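Presented below is the structure to which this report refers.
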Amino acid sequence: MKYLRSFGRFWWNFVVGDDWRAAGGVAVALGVTYWLAHDGVNAWWLLPIAVAVVLAESLRRAVRSSPKSGSAD
Amino acid sequence: MSTGTILVVAGAFLASAVEMVEALTIVLGVGVVRGWRSPLIGAGAALIVLGALVAALGPALSSIPIDTLRLVVGALLLAFGLQWLRKAILRSSGYKELHDEDEAFRAEQRQAAAAGHEQRAGLDWYSFTVAFKGVLLEGLEVVFIVIAFGGAQGKLGLAAAGAAIAFVVVVIAGVLAKGPLSRVPENTIKFAVGLLLTSFGCFWGAEGAGVDWPGDELALLGVIAFFALVSFVLVRALRRVRVRPVAARAGA
């Protein structure tokens, strides 16, 4: 059980990393793209825009919690 | 050779090279202090495990429908690539320390010198396990990228070739340099790899979801350009945010 848990933790850290919200945002964006595409809308533009927003939001959270935030050193 | 194929080989080469430089630093750090036999056997054993993984997983991918494979690989690459890109942007804007191969080498040497001597199966067990774990963990990222890139594009052999070329180049450079490859612009390469992983993930993920990209594979270049522009803007914005409070204090 212990090994199974560490195995799962390894893959979680490997793929998702320290910001699960970013991975969640990507999953939602992919789901919406899938839904639109199967509803007849060729939404090729959706995923790049959504990923850019997810990235910016993830960086905003990282910067807010960074000890270097607001310093120039 | 199509645009997608060239980018798959280039992406596999760059991502593998940067991981291999880090693995080389670990093996060198241990080998210089404690001798070469055990870390080289450890690194060789890890390479055999990694090779077996590619050989086992590669053919299994061909039985999965291509759209399903691209959707899954795209989602995984997007999540994985965003981590790389996020860290690269934080490094470039000064919110995260730049990766320093010289410092990593010195830290590895210090730990190797302080560790005890335990012999198992005729090997210096510390050297063997550190080299094995280091090469295996860095190599798993290479395997993941090679299988994802090669599988989604249907060019596993070419992606593996890109990684193999990186291996040869890094090993030769390491032997010639006789030290850590600190002159490799690792942080810049990591930025490029983050861009490629995110762009490929976006392209294949959307394609697997049922989207038709305008211009087909050429759209991949557009996606890379888009994320490069977004990253550039984000780095500039974050640098401004860092400097602003100091400038305000200086002006007060």
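Protein chains in written order, with numbering that gives the first Met the number 0: chain A, 0 to 72; chain B, 0 to 251.
Think of the CB as a built atom: it goes at the ideal place given N, C-alpha and C, for glycine as much as any other residue.
Remember, it's a predicted structure, so these values are computed and weren't measured experimentally.
Problem - Closer than 9 Å to chain B by CB, Ser5 of chain A - result: no
Handout entry: chain A contact residues for Gln82 of chain B, given Cβ-Cβ distances below 7 Å
Key = Gly16
Problem - Proximal residues to Leu39 of chain B (C-beta, below 8 Å), its chain only, five neighbours per side dropped - result: Here Leu39 of chain B has Val26, Gly30 and Ala130 as same chain residues with Cβ atoms under 8 Å from its own Cβ, once five neighbours each way along the sequence are excluded.
Problem - Contact between the stretch 195-207 of chain B and the stretch 217-233 of chain B (3+ Cβ pairs under 8 Å) - result: yes
Problem - Presumed contact (8 Å Cβ cut-off) between Ala11 of chain B and Phe148 of chain B, rounded CB distance - result: Sure, about 5 Å apart at Cβ, within 8 Å.
Practice task
Quick one: list the residues of chain B neighbouring Ser57 of chain A, beta-carbon separation under 8 Å, in chain order.
Solution key: The answer, in chain order, is Leu81 and Arg85.
Exercise for the section: Return the bridge partner residues of Asp17 of chain A from the DSSP annotation. Expected result: Bridge partners of Asp17 of chain A: none, in fact.
Handout entry: For Leu97 of chain B, three-class secondary structure by DSSP
Key = Three-state result, Leu97 of chain B: coil.
Exercise for the section: Determine the extent of the alpha helix (DSSP H) in which Gly3 of chain B is found, giving its start and end residues. Expected result: In the DSSP annotation of this structure, the continuous segment of the alpha helix (DSSP H) that includes Gly3 of chain B starts and ends at Thr2 to Arg33.
Exercise for the section: For Val32 of chain B, I'd like the list of residues in its chain whose CB is within less than 7 Å of its CB, leaving aside the five on either flank, ordered along the chain. Expected result: Excluding positions up to five away in sequence, the list reads Gln108, Ala111 and Ala112.
Exercise for the section: Could you check if Val145 of chain B is buried or exposed, using at least 16 other CB atoms within 10 Å of its CB as the buried criterion? Expected result: buried
Practice task
Taking Glu137 of chain B as part of the alpha helix (DSSP H), name the residues at either end of that continuous run.
Solution key: Here the alpha helix (DSSP H) through Glu137 of chain B covers Trp124 to Gln152.
Problem - Spatial neighbours of Gly30 of chain A in its chain, beta-carbon cut-off 6 Å, leaving aside the 5 residues before and after - result: Cβ within range, chain order: n/a, list empty.
Problem - Enclosing alpha helix (DSSP H) for Ile48 of chain A [first to last residue] - result: Leu45 to Arg63
Handout entry: Identified DSSP bridge partners for Gln118 of chain B
Key = B:Asp123
Handout entry: Tyr2 of chain A at chain B interface by Cβ criterion, 9 Å
Key = no
Handout entry: Any C-beta of chain A under 9 Å from that of Val229 of chain B
Key = yes
Problem - When A:Ser65, A:Arg63 and A:Ser57 are compared against Trp83 of chain B, the one with the closest alpha-carbon - result: Ranked by how close their Cα comes to the Cα of Trp83 of chain B, the residues A:Ser65, A:Arg63 and A:Ser57 have A:Ser57 in first place.
Exercise for the section: Take every Cβ of the stretch 78-97 of chain B, pair it with every Cβ of the stretch 188-195 of chain B, and state whether three or more of those distances are shorter than 8 Å. Expected result: yes
Problem - Proximity winner among B:Val142, B:Tyr94 and B:Gly34, relative to Leu233 of chain B (alpha-carbon distances) - result: B:Tyr94
Handout entry: Listed by chain order, chain D residues near Trp203 of chain B by CB distance under 8 Å
Key = The structure shown contains no chain D; the protein chains it does contain are A and B.
Practice task
Give the residues of chain B in contact with Trp43 of chain A, contact being defined as C-beta atoms less than 8 Å apart.
Solution key: Ordered by position in chain B, the residues that pass the 8 Å Cβ test against Trp43 of chain A are Ala205, Val210, Asp211, Trp212, Pro213 and Ala218.
Handout entry: Contact list for the stretch 137-149 of chain B against chain A, Cβ threshold 7 Å
Key = none
Handout entry: Leu196 of chain B - containing alpha helix (DSSP H), residue span
Key = For Leu196 of chain B, the enclosing alpha helix (DSSP H) starts and ends at Glu185 to Gly207.
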